[in-house]
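Accompanying notes for the structure given below.
Residue numbers (my numbering): 13 to 161.
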């Protein structure tokens with residue numbers, strides 16, 4: 013089984029506010045750091061993204077890929093790789109947990125990356141950690157600044 017990297021952060025906002033920012037793919041280039049372009053290719057019957065094309069530049073990992081999203085309730089979204097030139101696997105999940113009666117949210121981001129080219133596991137884990145830390149920091153800043161879609 014593939015190894016994954018996971019990290020969490022506390023955001024000073026309700027889970028619904030956090031998920032609103034997570035679901036706004038068009039604005040990812042403004043706060044994620046690694047995502048340079050994002051385009052929703054298809055949506056489900058509730059208007060949530062099902063397939064998204066992303067142009068990613070994360071240092072050791074540079075690629076354009078398509079991800080399939082699964083919304084598993086109001087506090088979790090998962091994704092998996094559909095197509096990529098460089099990646100074999102890109103599976104992830106954001107899990108939100110309400111804290112303090114809903115005024116704060118613990119956000120956990122888990123990511124599994126596997127590349128098609130040979131790369132030491134240590135380097136892959138480091139790339140995953142950089143992606144996760146930057147995404148969580150960017151998400152926290154974006155949500156707490158009150159920037160809305």
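Glycine included, C-beta positions come from ideal geometry on N, C-alpha and C.
Assigned with DSSP and collapsed to three states, residue 50 falls in strand.
For the 9 Å CB-CB criterion, residue 105 and residue 89 form a contact. Pairing residue 127 with residue 140, the inter-Cα distance amounts to about 11 Å. Residue 86 counts as exposed, since fewer than 16 other beta carbons sit within 10 angstroms of its beta carbon. In the displayed model, residue 29 falls within a helix according to three-state DSSP. Taking C-beta separations shorter than 6 Å and ignoring five residues to either side along the sequence, residue 153 has no partners in its chain.
Contact check for residue 19 against residue 145 passes: the beta carbons are separated by less than 9 Å. Residue pairing by DSSP places residue 104 opposite 91, 123 in a beta bridge. When the beta-carbon positions are compared, residue 71 and residue 51 stay at least 9 Å from each other. DSSP places residue 116 within a strand segment (E or B) once states are collapsed to three.
Just so you know, the alpha carbons of residue 120 and residue 69 end up roughly 22 Å apart. Cβ atoms of residue 17 and residue 123 come within 8 Å of each other, at about 5 Å.
The three-state secondary structure of residue 36, taken from DSSP, is coil. Between residue 79 and residue 93, the C-beta spacing is below 9 Å.
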